[in-house]
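Q: Got a structure for you, questions after.
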Amino acid sequence: MQVAMALAAVLDRPLPDTVNQVRRSVIHAPEQALGLAVTTVDIIVVDTLEPSPPPATGSAKASEGEA
């Protein structure tokens with residue numbers, strides 16, 4: 113089976129590393145779940161995304177509860 117896909121990737125690490133990780137996941141998931149052999153995964157990076165901001169620490173919720 114051949115897979116072609118478009119990818120929007122976050123730039124929190126080198127882009128080739130992200131593409132290779134996605135490729136490995138796409139190859140292994142159908143094989144493990146369905147027994148299907150993926151022979152080729154073509155990935156086109158169509159967009160790059162900024163990393164998400166870190167989650168809030170919860171201090172706002174604590175101060176709201178004290179009021």
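If you're matching positions, the sequence shown starts at 113 in my numbering and goes up one per residue.
Cβ coordinates follow ideal geometry from the N, Cα and C atoms, glycine included.
(1) Give the range of the alpha helix (DSSP H) segment to which residue 168 is assigned.
(2) So residue 152 is in the beta strand (DSSP E); what residue range does that whole segment cover?
(3) Grab me the residues of residue 117's own chain with a C-beta within less than 6 Å of its C-beta, minus the 5 sequence neighbours each way, in chain order.
(4) Whole angstroms is fine: what's the gap from residue 137's alpha carbon to residue 131's?
(5) Residue 134: which of 147, 146, 152, 148 sits nearest, CA to CA?
A: Working from what's here:
(1) That residue, residue 168, is in no alpha helix (DSSP H); it is neither H nor E in DSSP.
(2) 152-161
(3) 155, listed in sequence order.
(4) 10 Å
(5) 152
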